[in-house]
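First to last, the protein sequences are chains A and B. Going letter by letter, the first sequence gives residues 320 to 757 in the numbering used here. Going letter by letter, the second sequence gives residues 227 to 650 in the numbering used here. We put the beta carbon where it would ideally sit given N, CA and C, even for glycine.
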Amino acid sequence: MYSYSLDKLKRLTEVETGKDIKQLSNAQFPGTHCPLFGVALTAGYIKDLFTLVVGTDECTFYTKTFTMERANASGSSDNHFLSFAINQDDVVFGCHDKLEKAVLHINRKYRPKAILLVTTCVLEVIGEDFDALVYSLQDQIQAKLMVVRAEHFKCHNHIPGIERTLEAAAGLMEQQPVQAKTINILGHRYNGVEDTELLKLLLQKGVGINLVIPSSCSVDSLAAAPSAALNIVTDFSALPLAEQMKTKFDTDYVYFDKYLNLDRITAGYKAVAEKLGICLDKEILQLRKSAEDAVKKANNILYSKTFIYGNTPLLAFEISSFLCSLGMKPVLLQARDLYANDHVYIKEIMDMGHNPHVCRIANIAPLQQLYDVLQPNIYIGHENPVKLMEKGIVQVTMDGVAKKLGFEVPILVMQALADSVCAFETLAGKEHYHHAAL
Amino acid sequence: MQLYKYLPQPSDRMGTLWALATINDACIIEYGPAGTTHYALEGLMQFNAQLEARLFTTHMDENDIIMGDSTRLEETIREVDAVHNPPVIFVLASSIASIVGTDIQSICENLQEEIGAKLICFTSGGFRGDYTVGIREVLTALAENMVKAPKEKLENRYNIIGCNIDSYNFAADCKEVESIMKDCFGFELNSVFTANSSVKQIEDAARAKFNLVLRGEGSECAEILKERFDMDYYIGCPYGFRGTLQWVRNMAKTFSIKANDIYLYQQLDQGKKHLMRINHALFNYSNFNGILAGSYDFVTDIHPFLTEEIMINIEKVIVNHSLRGEGYRRPAKALEHKLAVNPGEEEKEVILSKVAPEILLGDGVLLEMGAHVPVRIQVANPNPRHYYRIYDNTPFMGFNGAIYLIETILNQIHANRKELKARF
């Protein structure tokens with residue numbers, strides 16, 4: 320029988336660029352999402368923004384289905400997602416004139432404040448000139464036109480779609496007088512940011528939230544985004560937007576992702592406090608103490624446990640580095656790509672004496688053949704729970720941690736890991752399986 | 227205008243994948259960017275269907291496009307063949323592969339000798355028409371390339387052609403047809419093209435005596451099987467009491483088989499009281515008019531039940547796709563002038579406004595567009611609200627389907643009676 324081999328993969332010490340993260344197999348299942356999905360995930364949050372997806376029937380149909388389903392689930396309306404479905408003639412002759420008419424029609428019918436034009440694979444292959452389209456139309460209509468390119472053949476996943484949509488939002492911003500002690504949160508794609516540890520603390524100290532981009536903003540309010548004294552970037556996908564705002568509006572930023580490393584969280588808090596001119600020393604000490612206590616508890620249970628990292632809302636190498644610091648041993652790490660600061664986290668893992676294999680995410684089938692070789696105690700991320708149980712592997716998913724920021728992130732992660740391991744050991748030998756989900 | 231506020235028409239490529247996805251033991255390889263496959267996979271959820279085949283993507287990068295390098299596809303085919311040892315691998319072109327002119331047909335022909343699985347390719351890439359074109363292509367290709375000469379003929383067996391997951395109620399309807407064939411004729415189901423089927427079942431299709439075709443897109447498939455294996459076929463679906471009785475009679479005549487008259491009498495007798503109940507309920511409302519929407523075969527066959535038995539004044543009938551290809555039966559005179567084939571969104575809005583219906587029986591998008599209509603019942607896809615249809619004893623077809631639809635309509639009328647125009 321044909322078997323997959325870890326030899327196809329590189330080890331962590333050999334990973335220098337995204338291209339070093341290899342697939343275990345040529346045939347991929349289910350494969351990664353494309354940037355168009357990233358756009359759909361992000362643009363729908365921006366109130367009053369019209370999005371026109373230009374692509375094949377397939378790209379437009381599935382994007383619209385996704386946004387309708389999402390809108391139904393949240394009780395909102397997705398009527399601002401429109402589609403221009405190209406046909407064979409458009410592939411041969413281009414569709415500039417038709418698109419002009421479509422945009423003018425949208426402008427007339429809906430009177431939108433802004434339209435995000437989204438190109439897809441086929442449009443990028445045939446070289447349809449969207450910049451020219453914007454140039455020729457912008458003076459004729461009151462809606463602000465922006466373009467986001469969402470082709471998938473130049474990247475490996477949906478993240479560029481999120482990054483580019485957020486960057487496009489900068490096109491709606493205008494220079495403003497800066498309000499002291501106000502912040503924007505960049506990159507948070509969930510409701511309830513004010514319930515996070517970070518924001519609760521800042522709100523207590525009198526810091527005001529100007530905007531949460533994209534999850535709580537509108538076309539109009541985005542104009543006032545530069546009035547914030549500080550941007551706090553809570554997801555790496557918003558770093559390009561933060562850079563743009565720094566360049567265009569001189570808005571300073573702190574990158575404070577969903578870290579697990581206690582020193583990084585402390586440094587993040589201190590940087591925010593310093594830039595806002597507030598003191599958080601006492602609170603940081605107190606919160607850190609709780610996290611350190613949690614580390615001590617988790618250490619006893621998790622020490623020497625081996626793990627495969629799959630997919631969570633956290634940074635692949637950052638969480639892996641943290642788990643190594645608890646004495647856990649990585650046997651394989653799955654990653655989308657290499658992102659900001661990943662080289663730092665990778666070095667930390669290597670400095671702790673680990674050199675696991677690294678492979679690209681979203682291709683589970685061949686990996687399943689290798690569980691007997693890798694023999695992990697824990698699988699972190701989504702997988703078939705029954706298959707993992709059969710192999711005696713504890714599964715821990717961490718979707719709920721996406722809404723957290725600060726020391727609450729590592730506390731919750733350690734709790735989930737420890738609880739799952741204990742529950743699994745208790746249940747071992749019984750005829751039911753267990754998996755923990757945050 | 228190719229601009230859509232709701233959903234564009236699904237493409238032939240989407241139809242191809244929908245028809246193939248439910249064939250157990252088959253492998254499908256898509257040559258294109260991975261996101262296309264991932265999206266398609268999630269798209270299956272709205273159909274209440276499981277992915278039974280093994281679906282893979284090769285992904286594709288700039289080098290593949292610029293250099294026309296198809297090594298990635300060749301290696302993936304070899305790998306899937308070696309790992310899974312499937313009887314068949316379906317190779318699908320993505321829109322990008324199709325545009326850059328990747329010759330998937332030649333690649334498969336050249337590889338076939340070294341590959342254990344039979345390679346069957348679909349090269350359209352999504353530009354050849356709507357989803358019905360893709361479904362037709364799959365059904366035809368299966369009849370041409372997969373069905374094997376039978377070692378033995380099974381007298382009391384039949385196949386169903388054209389039960390596919392894009393039909394809103396495919397699982398329950400298939401079960402109902404199976405039940406009628408068993409109770410009325412004593413016949414057993416042999417193979418289904420293609421919902422919840424398998425490579426083996428399709429390979430063995432020619433063992434059956436005849437084919438029941440539930441959609442026009444299956445007509446070429448049935449013709450090929452007739453030509454290759456002398457299998458007779460009948461096109462049509464059983465809806466309503468009279469419609470099901472007629473379907474049974476046509477079946478008996480076409481295939482020279484004897485129907486169970488006692489069974490038929492019992493079913494019709496039961497139906498009478500339910501019809502009286504809904505006729506009585508509708509009499510309370512003045513001009514209970516409606517719009518019906520769905521696939522051509524569905525609306526054609528269910529229209530007489532709704533208008534002549536239930537007595538709903540169906541004023542307009544929308545067909546949700548183009549009518550390309552052979553096998554679509556001529557509409558009855560009563561239906562002909564009501565048909566709107568594949569109208570655009572704006573046209574649908576005009577229809578809704580002109581008819582001002584009391585009831586909508588249609589797809590999920592039409593129901594969204596007509597959110598103000600008092601009685602709205604989803605009977606077709608798309609299914610944007612992802613309504614579950616897990617329980618497979620709720621058919622639209624057959625005698626039980628007629629009763630179930632009556633019950634559904636009665637409940638909806640009762641729930642929304644304040645919004646309906648009373649006759650008195």
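Could you work out which residues of chain B lie near residue 405 of chain A, taking near to mean beta carbons separated by less than 8 Å?
228
Closer than 8 Å, Cβ to Cβ, to anything on chain B: give me those residues from the stretch 615-649 of chain A, in chain order.
none
Taking 8 Å as the threshold (C-beta atoms), are residue 461 of chain B and residue 419 of chain B in contact?
no
Who are the near neighbours of residue 356 of chain B in its chain, counting only those whose CB is closer than 6 Å to its CB and skipping five residues on each side?
235, 547 and 548
Chain B contacts from the stretch 437-464 of chain A (Cβ-Cβ distance under 8 Å):
440, 441, 444 and 445
Compute the Euclidean distance between the alpha carbons of residue 587 of chain B and residue 437 of chain A, then round it to the nearest angstrom.
34 Å
Simplified DSSP assignment, three categories, for residue 491 of chain B:
helix
For the candidate residues B/471, B/322, B/487 and B/507, whose alpha-carbon lies nearest to that of residue 531 of chain B?
B/471
On the three-pair Cβ rule with 8 Å, is the stretch 465-477 of chain A touching the stretch 496-505 of chain A?
no
Buried versus exposed, by CB contacts within 10 Å (16 or more), residue 691 of chain A
exposed
According to the neighbour-count rule (16 or more other Cβ atoms, all chains shown, within 10 Å of its Cβ), is residue 617 of chain B buried or exposed?
exposed
Apart from the five residues just before and just after residue 455 of chain B, which ones in its own chain have a Cβ nearer than 8 Å to its Cβ?
373, 375, 376 and 432
What residues in the stretch 373-387 of chain A have a beta carbon less than 7 Å from any beta carbon of chain B?
375, 376, 377, 379, 380, 381, 383, 384 and 387
I'd like the span of the alpha helix (DSSP H) that includes residue 395 of chain B, first residue to last.
Run containing residue 395 of chain B: none; DSSP gives neither H nor E here.
For chain B, check one thing: does any of its Cβ atoms lie closer than 8 Å to the Cβ of residue 484 of chain A?
no
Residue 371 of chain B by DSSP, collapsed to three states: which one?
helix
Mind checking whether residue 557 of chain A and residue 506 of chain A have CB atoms under 8 Å apart?
yes
Does DSSP put residue 350 of chain B in a helix, in a strand, or in coil?
coil
Output yes if chain A places a C-beta closer than 8 Å to the C-beta of residue 237 of chain B; else output no.
yes
Would residue 349 of chain A count as contacting chain B if we go by Cβ distances under 8 Å?
yes
Please classify residue 598 of chain A as buried or exposed, where buried requires at least 16 neighbouring CB atoms within 10 angstroms.
exposed
Does residue 610 of chain B have its Cβ less than 8 Å from a Cβ in chain A?
yes
Step through the CB atoms of chain A and report whether any lies within less than 8 Å of the CB of residue 514 of chain B.
no
Per DSSP, which one or two residues make a beta bridge with residue 699 of chain A?
A/628 and A/715
Is any beta-carbon of chain D found at less than 8 Å from that of residue 620 of chain B?
Here the protein chains are A and B, and chain D is not one of them.
Does the beta-carbon distance from residue 422 of chain A to residue 402 of chain A come in below 8 Å?
no
Tell me whether residue 292 of chain B is buried or exposed, calling it buried when 16 or more other Cβ atoms sit within 10 Å of its Cβ.
exposed
Run of the beta strand (DSSP E) containing residue 484 of chain B, from where it starts to where it stops
Note, residue 484 of chain B: premise wrong, no beta strand (DSSP E); not H, not E.
If you count every other CB in all the chains shown that lies within 10 Å of the CB of residue 710 of chain A, and 16 or more means buried, which is it?
exposed
7 Å Cβ cut-off: residues of chain B touching residue 341 of chain A
Result: empty, since nearest Cβ-Cβ is about 12 Å, beyond 7 Å.
In its own chain, which residues sit with a C-beta less than 8 Å from the C-beta of residue 664 of chain A, not counting the 5 before and 5 after it?
634, 636, 637, 639 and 640
Take residue 349 of chain B and list the residues in its own chain whose beta-carbon comes closer than 7 Å to its own, dropping the five residues that flank it on each side.
319, 324, 330 and 331
Spatial neighbours of residue 342 of chain A within its chain, please: CB distance less than 7 Å, with the 5 preceding and 5 following residues excluded, ordered by chain position.
678, 679 and 682
Alpha-carbon to alpha-carbon, residue 387 of chain A and residue 411 of chain A
31 Å
For a contact defined as C-beta to C-beta under 9 Å, what are the partners of residue 355 of chain A on chain B?
261 and 265
Proximal residues of chain A, C-beta to C-beta of residue 352 of chain B below 7 Å
375, 376 and 377
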